[in-house]
Amino acid sequence: PKRVRVHHLAEAKARGERLTMLTAYDAVTARIFDEAGVDMLLVGDSIGNTMHGHTTTLPVTVDDLIPPARAVARAAQRAFVVVDFPFGSYEAGAEQALATGVRMMKETGVSAVKLEGGKRVVPQIRALTDAGIPVVGHLGYTPQSENRFGGPRVQGRGDVAAEQLSEDALAIVEAGAVAVVLEMVPAPLAARITEIVAVPTIGIGAGAQCDGQVLVWVDMAGMTDWSPRFAKRFGDVGAALRSAATAYVDEVRGGTFPDAAHQFDA
Ligand code: KIV
Ligand code: NA
C-alpha cells in the first residue's frame, strides 16, 4: 500500500475525503489498524491513562513514548504515524521543542509530532517546521492542561472563547501545523474552524464537520468499563479477549489443552 505522506493530508481535505486516525501504542495493534485502512496512527500521551495506569497524561515522558513510537512506525506500512510531545517536553520554547523533535525523529521513524496549544506554541511549531519536522496541533480541551481546565470540559463555548479558539487555529496553521486536532469543541465552532483553515481538522468530540476523526483505540474497541460520551464503542474486544483468556484457563485446568495437535511426538 502507498504510504500516506504529509501532502496527502491537505489533498484529502481539498477532495472532501474524511481522514481516519486512531491511537496505537504497540506493533500488534498498529498492524491491525494499518491493515484496516486507518490513515493516521497517533502514539498519544494517552498511553499514560490507557496502558501505564496513570489517571492523567502529565507523568508521561519522552522516554516512555519512544519505544511505542518506534514499534508503531515499524509496524505501519501505509499509515501516517504521529507521536505526541508529552507534558514538559516543549513548553519552555522553540529550543526545547526542537531538541525533543530531533530526538523523536532520530529515534523512532515517525512522520510527524503533535503538541498541544495555540498562540503560545507558535514559536515551537515554526522552529520544528523549519527543521523539517511536520507538526500536528491540538486545540480545545488539551489534557496536559487539565488542572487549569478543571477536568475534561468542552472548550470554545460563547463568542469570546470561540473567537479565541479560531484565532489559535489560524495562528498554528500559519506557523506550519499540517493538521489540527480539535478536542471537545462545540460542533458548530469545529465546523467554522474547519472552513477557515487550509489543513485538515481532526475531531474528537468535535462533531461531524471536521475533516477527519480520531479516537483512543481502547475506547473505540470497547476495552474499558468507562469511556467518554463522544467515544462510540465500535466493538466488544474486551469481552472477546476475556472469553478467550477464560477458555484458555478452563482448558489448561481441565487437561484438554494441549492436545495431540499442539504437542510434539518423540
Ligand atoms: O493522546 C491522545 O490520545 C490524543 C488524542 C485524544 C487526540 O492526543
Ligand atoms: Na495526547
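Here UniProt numbering is used: the first residue of the sequence shown is 5, the next is one more, and so on.
We put the CB at the ideal spot given by N, CA and C, even for glycine.
Note that the structure is predicted; figures quoted are calculated from it, not measured.
#### Entry: Presumed contact (8 Å Cβ cut-off) between residue 273 and A116, rounded CB distance
In this structure the chain extends from 5 to 270, so residue 273 is not present and cannot be described.
#### Entry: Pairwise C-alpha distance: E171 and P190
Roughly 16 Å separates the two Cα atoms.
### Query
Should S93 go down as buried or exposed, given a rule of 16 or more other Cβ atoms within 10 Å for buried?
The residue is buried, with at least 16 neighbouring Cβ atoms inside 10 Å.
#### Entry: Assigned exposure category for E120 - 16 Cβ within 10 Å defines buried
That one is buried.
### Query
DSSP three-state call for E187: helix, strand or coil?
Strand, per DSSP.
### Message
Are there any heavy atoms of the ligand NA lying less than 6 Å away from the beta-carbon of G48, as far as the coordinates show?
### Response
Result yes, Cβ under 6 Å from the ligand NA.
### Message
Given 6 Å as the limit, tell me if D43 has its C-beta closer than that to any heavy atom belonging to the ligand KIV.
### Response
Not under cutoff, so the answer is no.
### Message
Using a Cβ-Cβ cutoff of less than 8 Å, which residues in the same chain neighbour R130 once the five nearest sequence positions on both sides are dropped?
### Response
Taken in chain order, the residues that qualify are A98, A179, G180.
### Message
Restricting to Cα atoms, I'd like to know which of T205, A175, N151 is closest to T24.
### Response
Relative to T24, the option among T205, A175, N151 whose CA is nearest is T205.
### Message
Let me check you understand the geometry: is the CB of T33 closer than 6 Å to at least one non-hydrogen atom of the ligand KIV?
### Response
Result no, Cβ not under 6 Å from the ligand KIV.
### Task
Just mark P72 as buried or exposed, buried being the case when its beta carbon has 16 or more other beta carbons within 10 Å.
Under the 10 Å beta carbon count, P72 is surrounded by 16 or more other beta carbons and is classified as buried.
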